[in-house]
Structure formats: C-alpha cells, structure tokens
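Protein chains in written order, with my numbering: chain Y, 486 to 684; chain A, 486 to 684; chain Z, 486 to 684; chain G, 486 to 684; chain X, 486 to 684; chain L, 486 to 684. Quick notes on the structure that follows.
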C-alpha cells in the first residue's frame, strides 16, 4: 500500500460509493431522482471552471478547482447531513469531523489537500468564498430544474436566505440574481452577520 | 395547530420521509435495495414484541415497544450517519443533537416520549438495553439475508464487535449466537469496557 | 430450528423483504418513491402509540400495538394487492389466505398472535377498529404529503369513502376530519352499511 | 368514450403502469433490478414469435401471439402475486378474478380477446400450452442471467418442478433441457398429475 | 450453440437487459419511473394487436406483430439514443448501426427477421408505417399519463411535429387526434416533406 | 439570455440531467446502482487532480482538469452509448456528433472549451492522453469495487484490452498494473496498432 497507485486505489476505496449517497435535502423533500454527492461535486466543479475562465486573474485557478473537487469527499463517511439541521444541531462538531475524516483519507498525499479542505471550511480566502458560493448556487440551479419537472416540494429552498449566500463575491451574487429572475422569485434578504455565523 | 389531530399531522410532516432515508451502512457497501430507517424501525419493534412475549415479566412491555418505535425518528432531520464514523468523529455531539431534535418534534406531546428517547440513548435500563441490543441484532439478521442474496460487501459487519453488542442482556446474546451459528461465523469477542464506551 | 432464536430468524426469513414490497396503490398512481409495506407498518404502529397515549384507558394498549405491528406481515407472501380491486374481485378469499399465511408463519409462537391477526381481520373489537381506522388514516396522511411533493395522480384517494372509514371510532374520525381540513378537501360521505360490508 | 381511439386510450389508462409493477418472485429474492410485468410480457411474446417461426404449422400463430401479449394484463389491477403462494392460498379465486378483470378491461373490444384469456387460463389448447410453457421458460432464462450477475438468491427456482412445466409441449420441454444444461443443473422431475392440477 | 434452443438462449443473452434500459427521452425530462425499452415494446405490440383486429384485411397481421416485437431490439447494444438528437447528429449512421446489430443478433434465425427490421427502418410498406406510427402514438399516450401523474417536464413533447407523425396511415392519425383531444392540446402541424425526411 | 449568468443557467439546462444518465456498460451487466455520467466525470477529474499533483511539470494542469470536467458533457444529448458497440457500429459518426453537440452547448463561451473537447477526442496531446487513460482507469477501479460488492457480471471488463489502454502514458500504465494486481488478474496484452485505431 506504499506506491502512489496503491494509495490512489485506497482513496477511491474510501470514496467510491459517493455516487450512491443522495443529496439529503432533495430526498427529504421528495425529489424523484436526487443527484448524488459525486454528481453534485462534478456540477460545482464545472461551475467553478466556467467562473475562473470568465474572470481571469480573479482567483487562483488550480486551488479553486481542487477545492471544488474535494469539498464533499468527507461525506463518504458521514453521508450528507442536510441543512439547516446540521448547522442547528451539530454546530462546529460537523466541521471538525469533516476535517478529521478528510485528513485521514488524504494522509498519504501532499498536505496541500488537507490545507485546501480546511481553507474551504474557513471560508475566508477568495477561492474558498467562490467555491462555497457556487456550492449554494449549484443547489439552487438544481432546484430551478427540479421545479420545472414538478419533482418534490421545494418551496422552502426559495425562502431560506442561507441558500443564497454569496460569501461576499459579487460574481456569485449576480448568478443568484439571475437564478431568481429565471424562477420569477424574489431573492431573500441576506441574514445579518451571516458572513461570520454560518461558515 | 393546537388540536391533537393537528399536532399528529405535524409530527408526520416531520417524519414522513423516513421511508426514503436508506440505512447508510448498506448504501456504502453496495446493497441493492437497502432498507429504509422506517422499515428498520418496524423490524426492530417486531423483534421487541416477540421478546417481550417470550420473556413475560422481564421488561416493561409498553415502554420497550414505545422505545423501539421512536428510537430512530430523529434521523428524519440528521439522516442515518453510519457507524463507526458517527461514533469516531462526532462522539457525543450526535447523541445530543438527536435528543434535541426529538424533543422539538415531540414538544406537543407527553414528556414521557422525550424521557424514553433519552433513556434509550443512556442505555442503562433493562428496556433500553433490550432495544439497543435488538437494534444491533436486527442489523445482523438483515446482513444474514443480504449475504444470501449476494447483495453488497458485508464482510466487515461480521468482524466488528460493536455489531454484536448485547448490552448485558443474555436473551439478546443468545440471538447473536444463533445468528452467527446460522451464518457459520465466529462471533467476535466483546470490546473491553464497551458497556461504558459506546453507548 | 427449535430454539426461540432459530424460530425468530426463520420468521424474519419469511418477512425480511417486506421493505422491498412497495405499497401498490402508490405504484399504480405514479408516486416517485412509494413507501414499503414495512415502512407503512411502522407509521401505523407509531400512530397507534400516539393514540393509546392520548386516550388512556380506551384501548388495550399492548393488543393494539401488537396488532399494528403484525397486521400486514402476510403480505410477505401475497404482496400488496391494491384496493379496491382486492375487495372487488377476491372478496373473502384474500382474508382467508392472509390468515392462513399468518398462522403458518407464526406456528412456532404463542397462539395469541394468530388470534390478534384474526381479530384485526374481523374488525369487531375496539383495538381492531382503532388499528383498521388508523391503517386508512396513515394512508391518507401519506397522500397529503405526496400531493404536496407533486408525486403521482392521487385524486381518486380523496373521493373514495372507503379511504376514510373510521370503523366507528370517533377519535379516528376526528383525524380524518383534520386531514381533510388540512388538504382543503371535503370528506366523502360514508358508504351505507359499510360497517358490515368492507371489513 | 365511444370511438375505437377513445376505448384504446382507456385500455392503456388501465394498463399503463404495468411497466412499474415488478415481477414479485424476483423482488422477494433480492434481484437488483427486477423486470416489470410489461417487460416480461414482451420477452414471452418474443419467445412465442421465435417458436411459431421455427415450427410452422404447429400452432395458430396469431392466436398464440395475441395470448402472449395479453396473458398478464389483469395484473394491472391485482399486481403480481408470486408463486407458489398464489396457488397455495388463493387457489381458483385468483384465476376467476383475473378473468373478471380482463373481461372488464376488454369490454369495449371483440369478445375473442376475453375468449383467448380464458383459453390461456384453461391451458388446454396447443396455443395456451405453448404460451404457458414459454411463460415459465422465460422466467428460467431470466434466472439464468440474474444468477450470472449474482443478483438475488434464486436457488429455489431450480428445484421447483412447477417452474419447468412444459404443458406437454415437447418443443418447450427441449428449451427447459437446454436452460438446465447451460446452468449445469439437473431439471427437476415433473410433478405427478401436474398436467391437470396446476393450471 | 447449434440447436434452436441454444440459439434462442444466446439471443436472450443479447437482449435480456432491455428491461433495464430506460427510455431516454423520459430520463432526460425527469420522469420518476420511466418505462424500459422492453416495456415500451410490449405496449407498442399491444397497440398493433388492437389495430389489426379493428381493421381486418388492412395489414399483414403476422408481419406487423413481428415488426413491433423486434423493432427496438438493437437498442440492447446502442441503448436508447433520444430524439431529436439521434436524428440531428447521427443521421443515417444510427439506422445503419441498428440494422447491422440486428442482423448479427438474428444471424442464427430465418432471414425474414432481418428483412422485417430493414422494412421497419425504411418505413415504406403499410405494416412498417403502421408500426412506426404506433411507436410514436404509444409514446404520446405515455406522455398523457405521465403528465397526469405530474412526472417530468414533458411540455416539448406536445409541440414537436415529429412526435405525431402518422406515416400516412389515417387510422393512426385518428389516434393522435384522440390523444390531443384528451389532453386538451392542439396537434402540431405536420412537417413539410416529413414523409421522406425523418424515417 | 445574453449575460454570462444566463448563458451559464442555459448550459446547466442542457446538462443538468447527467446525474440521471447511468453508465450504460454497468446497466447492461446488471450492476445494482450504476454510477451516473456526472459522478463518473467527478471521479475522473479527481484522478486527474491527483496525477497532476503527483507529477508536477508533466502536464498542463488547468487544461487537463478542464478536459476531465467536460469530456462527457455531450452525453447529455446522446446518452452513454456503451463500448465496444459504439466503436464497432457507429465508428467516427459518434465522435463527430459529440463534437457538434459540445460546440453547440458551449457556443456562448470561450472557444478554448470546444478546442479542448476536440483535443480530447483526438487523443494526441499529453493532457488528452492522460485524461483518456484515466477515463479507462476510473472505469476499472469501479469494476474492482463492484466486483467486491458482487454487483453485476463484469468478467468481460477484465479481458478487453481496450479497457486498459494507457495511451502511451507510463504513469497511467502503472495504475492499470496496480488495479490488476489488486484484483489478482493478468492485464490483457495491448491491441496492436491500438494507438491509432480506437481513439
């Protein structure tokens, strides 16, 4: 288990079932074929790719892409604990658990991966803020299309301010506005102090 | 929302999707049609019913049945966080979260429900020990039949001592022995100090 | 196969797949993730638990709970034959078959189980009437939430008087009224002579 | 609802969900993606097509094909009640119910359809015997491939004589022999008197 | 592999998974439980059966039924490539591939099968035109019922003229009119030159 | 539809259902929960990320990641046509169709995306060869774990040389060797001239 190849297979042993872990917020609300955590990760990464191309020089491209690709890998162990319950009841314990799990899974690889994961959780750097904002935006784009397919009871997604949090990135904010415009909805007012509170 | 009937409908609003929350330990390991948390709750309750009939006078029957029926309702909010990761990374935070969630869901009903839920988590009384032991036993009976159906990679279920924890109830211990006998497996040795550690 | 434990494993061998038997009435009408018979049994039992707590002294608690937990186990062999076709075309043959199957599955256990199953089919005692009424009420609560999730064509559930049959239990009748109020629907008039005819 | 076209749409209203009714014998035994009753009907009809081409002049071709296409349509109302329980517990009631249901569904069409359905149930004519034998043969071909995919616990299919009943058609018998040869299994001995008893 | 029986088993080895290949047009648009290609084939064949009974002497009955039963078997290798993309991007290549695949699968059987398959693709004879028209009609009947079940975003099915192509068969055209009437929709105008262009 | 945000939402309108398109090769062979095309894209991208970190300076990192993220987006229109049939019967037509579709979907974005897609198809540059090799390697890692879960009949994956094509990248070749070692299999000999033939 010491070669790069063996460590890589071991990593996929850890995460391979992420394509069977459904995004819990959609399961709860009756979406017919909810996306998996792996599929979600792909869509968020694709969004990040489009943003770093559109806004050259704004973000460290490689870091942003790496962060998007790894941001939910720890859910391979914890599954997808849905918002807002995770925040309301598990508070910081979930963040700590995710970082611990990630570090164990990536123990055989460069420490920059664990650093990027922590950076994502801390939500302070431009790349972390971009990826966290697009993590929410991908969710709302999905809601947009699930609603068109009449799949699930998704009303409360549109009224939760945390679902539209842009993490102070104006480019992401513009995407939330466009999503709401397309849906014919009013974007909820941001939570006061949200920047500090819900990271 | 003040009549009993309205509070009841509100409770089912909270838990109605538990039939869509798959038991995560089976998802992770590739079981084709993993049971839901609601179905699991039914099977555990049925086991409890059979035990209290077989051993009259041993357990408070109503309390044991009530405990079995409610023991996983809080997963309606947190989903099923699989062992052993839940224990390893979230420690007591998960127990606390489950109790908080349960108390909120049952705020409109008699306090004995919340007490029974806490009693289950504490694993001290005969009824709590019975239900917790049968919670594990139901899991291993399921593994027995999934294995026969060649569904999933379930090897590690048979080697984890925590999966056979009888909580000091000899009647439950006898069931674990019978399950292992039927599977042609050796029951793993109990963990030292497990009685205190993994409740 | 003579010990209690072995008989118990054999019973679960018979019923273990009830978490894969979807409730047929929902399949037929296109519900995206229809509950299983096992999950349904859990929800009915939970309703019964709440009722016997709310109305102390009204029902034999243990009998009511036992009846709820076992009332659909025979569907492990026959599957869920949907109403109203089962009644219309199979008449008494289905009831007889269910009792026969149940008695075979529980041959190794106390005869009170078979008696409780027959009592449920006969729908005469207070407990049988309670459980049968709540069996229907759970179905309509589910319909309520499936409709909100825009899942399936469920219109005809709301117009069939048999779906709101309270078996003469006023407490159950009040729950049907609350369900209809919540749905903004008019509860259909009971069928004349239904008390005798559709048990 | 009087034109041919309207009656046709009404017929499909009755049967359209047959592609969501899983074949129960496979559900019970844990097959991962069990075929639907509609898919089964297609495969049986395809088998019949190949047989009537291979053995010209042996069977009334149109009648055999029509019978194959309609033989399970009544399951749209009753679902698929699995063998051997259907036979053991519901005896003739199921056959009667199926014929009644079929006649209602086809009331707007030529009486030859209802006659063909009854003929299938009676299992006396060469076409009925061919289709009933191939109904079983398709089931065992499916078992052959499910076993290769390690899907489900299908052992008991190979030991039940009723699963290899050829209805006295030697061409069908030869197919059963080929299926057993391919699976490396011994074909079970036919039941005494089965020709009369299990139709 | 030389006997008829062995060739038949080999054919089913090729096509057995068609009950797991979902109709792609429905997957794309979020239908909850899309029919499989095998189930679709059954429904089209059933429609053909009803038509040849209703219009005696109009079509070669056996040829029409055979064509319906085999028309999508090549999708066992290519899967269901959805319209209109298949036509728009793969043009004649897909037709050629389907014929090649079909001929390989049926190499061990009478050449009339391959001829019927080519005839279906060419869409010139009365039987081919009937089956192709009913292939579309079955799709729209399905859309009718999926819409009632609020399953998927199916709006564009109703506006695409190619979905209502009757291949010059007035009996099929009448069915399209009835489907549109039932849905309260206006049937789109046929494409100019469609008879030649979209076969 | 002219702002960046609107074009982005339109792009996701095109690809959003890729999380419902199952990888066809696994469907055909009976895998219980086959990964989707979107999940596959995530796993391939993650592999690429690990490789570009492990071998710094070997590949243009951004190009390789972009290529991995977009390489299967055209399957949103064509679905996943399984190998080896796609190659055997559709030859170059599929490649052409995929490029056309991709260019249409990305018409509103920088031309470098279309160029990267064509480069992937051409399989000449180091990045294209890396991603194509890892596309196959991800498939075989998945097969490794599906086999452990006893899910599907995957034998032929291990004997097809095209499934282990390394596109001349030694680092990828080492991964194939490790996969085979872990599975206890012998890696099939490469096809002569494969470098030219199967791109």
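Cβ coordinates follow ideal geometry from the N, Cα and C atoms, glycine included. These figures come from a predicted structure and were not determined experimentally.
Check: Measure the alpha-carbon distance for residue 627 (chain X) versus residue 591 (chain G) and round it to whole angstroms.; Outcome: 19 Å
Check: Taking three-plus beta-carbon pairs below 8 Å as touching, is the stretch 544-559 of chain Z in contact with the stretch 550-559 of chain G?; Outcome: no
Check: So residue 618 (chain Y) is in the alpha helix (DSSP H); what residue range does that whole segment cover?; Outcome: 611-633
Check: Please report the distance separating the alpha-carbon of residue 502 (chain A) from that of residue 522 (chain A).; Outcome: 9 Å
Check: Is the Cβ-Cβ distance between residue 552 (chain L) and residue 493 (chain Y) less than 8 Å?; Outcome: no
Check: Who are the Cβ neighbours of residue 504 (chain A) in its own chain at under 6 Å, not counting the five residues just before and after it?; Outcome: 521 and 523
Check: Below 8 Å, can you find three or more Cβ-Cβ pairs linking the stretch 651-662 of chain Z to the stretch 605-624 of chain Z?; Outcome: yes
Check: To be precise: take each residue of the stretch 632-656 of chain Y, compare its Cβ to all Cβ atoms of chain X, and keep it if any distance is under 7 Å. Which residues remain?; Outcome: 633, 634, 635 and 636
Check: In the DSSP assignment, the alpha helix (DSSP H) including residue 692 (chain L) goes from what residue to what residue?; Outcome: No answer is possible for residue 692 (chain L): the residues shown for chain L start at 486 and end at 684.
Check: Can you pull the chain X residues whose beta carbon is under 7 Å from the beta carbon of residue 666 (chain Z), in chain order?; Outcome: None at all; the shortest Cβ gap to chain X is about 23 Å.
Check: Can you list, in chain order, the residues of its chain whose CB lies under 7 Å from that of residue 584 (chain A), leaving out five sequence neighbours each side?; Outcome: 602, 603 and 606
Check: For residue 600 (chain A), count neighbouring C-beta atoms within 10 Å of its own C-beta (all shown protein chains included) and say buried if the count is 16 or more, exposed if not.; Outcome: exposed
Check: Cβ closer than 7 Å: which chain A residues qualify as neighbours of residue 551 (chain Z)?; Outcome: 534
Check: For residue 508 (chain Z), decide whether its Cβ has a neighbour in chain G, counting only Cβ atoms nearer than 8 Å.; Outcome: no
Check: Do three or more CB pairs link the stretch 634-650 of chain L to the stretch 633-650 of chain A at distances below 8 Å?; Outcome: yes
Check: Taking the alpha carbon of residue 642 (chain L) as the reference point, which residue from L:567, L:517, L:595 and L:498 has its own alpha carbon closest?; Outcome: L:567
Check: Compile a chain-ordered list of the residues in the stretch 499-527 of chain L whose CB is closer than 8 Å to at least one CB of chain A.; Outcome: 517 and 518
Check: Taking 8 Å as the CB-CB limit, is residue 562 (chain X) close to chain G?; Outcome: no
Check: How about residue 575 (chain Z) and residue 582 (chain G): do their beta carbons lie closer than 8 Å?; Outcome: yes
Check: Is the CB of residue 587 (chain X) under 8 Å away from at least one CB in chain G?; Outcome: no
Check: Tell me, to the nearest whole angstrom, how far the beta carbon of residue 530 (chain A) is from that of residue 619 (chain Z); I am working on the premise that it is less than 8 Å.; Outcome: At roughly 15 Å, the Cβ-Cβ gap does not stay under 8 Å, so residue 530 (chain A) and residue 619 (chain Z) are not in contact.
Check: Provide the residue span of the alpha helix (DSSP H) that contains residue 674 (chain Z), from first to last.; Outcome: Run containing residue 674 (chain Z): none; DSSP gives neither H nor E here.
Check: Can you tell me whether residue 596 (chain L) is helix, strand or coil according to DSSP?; Outcome: helix
Check: For residue 645 (chain Y), which of Y:657, Y:659 and Y:665 has the nearest alpha-carbon?; Outcome: Y:665
Check: Given residue 671 (chain X), which residues of its chain have a CB within under 7 Å of its CB, disregarding the five upstream and five downstream residues?; Outcome: 665
Check: Counting only beta-carbon atoms, is residue 575 (chain Z) nearer than 8 Å to chain G?; Outcome: yes
Check: May I have the straight-line CA-CA distance separating residue 500 (chain L) from residue 587 (chain L), to the nearest angstrom?; Outcome: 11 Å
Check: So with Cβ pairs under 8 Å, would you call residue 545 (chain Z) a contact of chain A?; Outcome: no
Check: Could you have a look at residue 655 (chain X) and say whether DSSP puts it in helix, strand or coil?; Outcome: helix
Check: Going by DSSP, which residues form a beta bridge with residue 521 (chain X)?; Outcome: X:507
Check: For residue 550 (chain X) versus residue 532 (chain G), is the C-beta spacing smaller than 8 Å?; Outcome: no
Check: Distance, Cα to Cα, residue 490 (chain L) vs residue 675 (chain Y)?; Outcome: 20 Å
Check: Starting from residue 500 (chain L), follow the alpha helix (DSSP H) in both directions and report where the run begins and ends.; Outcome: 489-500
Check: Does the separation of the CB atoms of residue 526 (chain Z) and residue 518 (chain A) fall below 8 Å?; Outcome: no
Check: With a Cβ-Cβ cutoff of 8 Å, do residue 668 (chain G) and residue 569 (chain G) count as a contact?; Outcome: no
Check: Taking Cβ positions only, does residue 621 (chain Y) come closer than 8 Å to chain L?; Outcome: no
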